[in-house]
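Numbering (the numbering used here), first residue to last: 5 to 185. By construction, the Cβ of each residue, glycine as well, lies at the ideal position given by its N, Cα and C atoms. Small disclaimer: the values here were computed from a predicted structure and weren't measured. The structure appears right after this line, and notes come after that.
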């Protein structure tokens with residue numbers, strides 16, 4: 005699969021396959037303690053390399069994964085967003101996830117990317133429902149999920165997150181939303 009392939013284009017962003025060349029920019033995000041405050045710990049170099057490898061494997065296995073978010077104007081890598089299969093309270097479910105470099109927080113990039121991925125999933129997969137889950141303290145991720153039409157459907161005890169919140173949107177809800185966007 006061509007790692008430079010632009011999967012999704014939005015007004016300000018390209019979402020494309022990861023490449024190993026994204027390591028430095030991704031490591032800046034994943035090793036940052038503030039950015040990773042809702043994870044058990046920031047990523048070291050090995051975990052960051054494994055993150056890229058995991059996504060490359062997901063592209064081959066599923067035809068999707070987390071994609072690199074790149075600013076259209078400058079070509080700068082600013083994060084990732086996409087769909088992965090995650091264990092959410094004991095079920096393997098399609099999960100929409102996102103990470104943004106903190107210098108680009110509060111500018112609508114997570115929403116723009118997540119909305120585009122939500123649409124891509126609805127148009128390119130057979131999933132009737134997609135999910136996002138996060139640590140209960142991650143207000144920004146909760147807000148992003150809500151901003152793209154997801155609703156909180158569950159919370160559960162999670163050894164990794166203490167408590168995880170789960171948001172979801174069905175295909176029917178997406179279709180209704182698209183009529184108003």
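Selection from the options that minimises the alpha carbon distance to residue i
i           : options           : result
residue 68  : 21, 93, 91        : 21
residue 106 : 46, 39, 16        : 39
residue 35  : 26, 49, 166       : 49
residue 93  : 169, 174, 42      : 169
residue 179 : 159, 161, 123     : 123
residue 73  : 104, 55, 56       : 104
residue 144 : 113, 164, 174, 32 : 113
residue 126 : 95, 86, 163       : 86
residue 165 : 33, 156, 181, 142 : 142
residue 57  : 81, 28, 23        : 23
Presumed contact (8 angstroms Cβ cut-off) between residue i and residue j, rounded CB distance
i          : j           : result
residue 97 : residue 121 : Not really, about 15 angstroms apart at Cβ, beyond 8 angstroms.
residue 59 : residue 70  : 5 angstroms
residue 88 : residue 62  : 6 angstroms
heavy atom of the ligand NAD below 6 angstroms from residue i C-beta
i          : result
residue 78 : Absent from the structure shown: the ligand NAD. Ligands present: none.
Residue i versus residue j: straight-line alpha-carbon distance, rounded
i           : j           : result
residue 46  : residue 53  : 13 angstroms
residue 177 : residue 134 : 11 angstroms
residue 84  : residue 30  : 8 angstroms
residue 66  : residue 51  : 21 angstroms
residue 183 : residue 102 : 25 angstroms
residue 79  : residue 26  : 12 angstroms
residue 90  : residue 77  : 32 angstroms
residue 159 : residue 172 : 12 angstroms
residue 7   : residue 55  : Here the model assigns residue 7 a pLDDT of 36, short of 50, so the residue's position is not dependable and the matter cannot be decided.
residue 5   : residue 11  : Because the pLDDT at residue 5 is just 29, under 50, the model does not fix this residue reliably, and the value given afterwards should be weighed accordingly. Those two C-alpha atoms are separated by around 11 angstroms.
residue 14  : residue 43  : 28 angstroms
residue 147 : residue 154 : 9 angstroms
residue 116 : residue 37  : 24 angstroms
residue 130 : residue 174 : 11 angstroms
residue 41  : residue 108 : 17 angstroms
residue 110 : residue 32  : 18 angstroms
residue 95  : residue 156 : 17 angstroms
residue 17  : residue 64  : 23 angstroms
Beta-carbon proximity check, residue i vs residue j, cutoff 7 angstroms
i           : j           : result
residue 193 : residue 167 : Nothing can be reported for residue 193, as the shown portion of the chain is limited to 5 through 185.
residue 150 : residue 118 : no
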